[in-house]
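**Q** My questions all concern the structure below.
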Amino acid sequence: MLAAMEADFPGTVDGMVRSSFFLPTSDPALIDQIARDMSAAPPARASARSRVSPTGITKDVEQTLADIDVPIRLINSDYRPTNTRAGQALTASFEATLMSGVGHFVMQEDPARFNAIMAELLNR
235 MLAAMEADFP
245 GTVDGMVRSS
255 FFLPTSDPAL
265 IDQIARDMSA
275 APPARASARS
285 RVSPTGITKD
295 VEQTLADIDV
305 PIRLINSDYR
315 PTNTRAGQAL
325 TASFEATLMS
335 GVGHFVMQED
345 PARFNAIMAE
355 LLNR
């Protein structure tokens, strides 16, 4: 993937966004907007991020999460697996709420439902 991004960043990112982040029922206009925005990002920044680690989780991130003393809540789509065990292993307060019927960009695909879940989590 990194070699493809270095060879054709906009094309690779556009294809990745369209094939990996959305459901067949997702709004085509939203897909176009996000694919356009992400493929316009500075390639150097994205390729540097890709070199961090396959998961993006480094020892610094692990320590930072362990040091957080407030609950950590995740609102995610259920269209791809969410490794809740890994989050819970990093911090006992980790909790994931999964939304169905949306892709990766849950807050943009169903803002009303996302906001309702967020309000519920914040009011605990």
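The numbering of the sequence shown is the numbering used here, which starts it at 235 and goes up by one.
All C-beta atoms in this analysis are idealised placements derived from N, C-alpha and C, irrespective of residue type, glycine included.
Which word fits I302, buried or exposed, when buried means at least 16 other C-beta atoms lie within 10 angstroms of its C-beta?
**A** Per the 10 Å Cβ criterion, exposed.
**Q** Measure the Cβ-Cβ separation of L355 and R307 and say whether it is below 8 Å.
**A** Their beta carbons are under 8 Å apart, which means L355 touches R307 by this criterion.
**Q** Buried or exposed: V304, going by 16 or more other Cβ atoms within 10 Å of its Cβ?
**A** Counting Cβ neighbours within 10 Å, V304 comes out exposed, since fewer than 16 surround it.
**Q** Would you mind working out which of A346, V336 and A269 sits nearest V188, comparing C-alpha positions?
**A** This structure gives no information on residue 188, because the portion of the chain shown stretches from 235 to 358.
**Q** Which residue marks the beginning of the beta strand (DSSP E) containing M333, and which one marks its end?
**A** First-last of the beta strand (DSSP E) with M333: E329 to M333.
**Q** Does DSSP put L308 in a helix, in a strand, or in coil?
**A** Three-state result, L308: strand.
**Q** Taking DSSP as the reference, what is the three-state secondary structure of A326?
**A** Of the three classes helix, strand and coil, the one that applies to A326 here is coil, per DSSP.
**Q** Quick one: give me the first and last residue of the alpha helix (DSSP H) that M235 is part of.
**A** Note, M235: premise wrong, no alpha helix (DSSP H); not H, not E.
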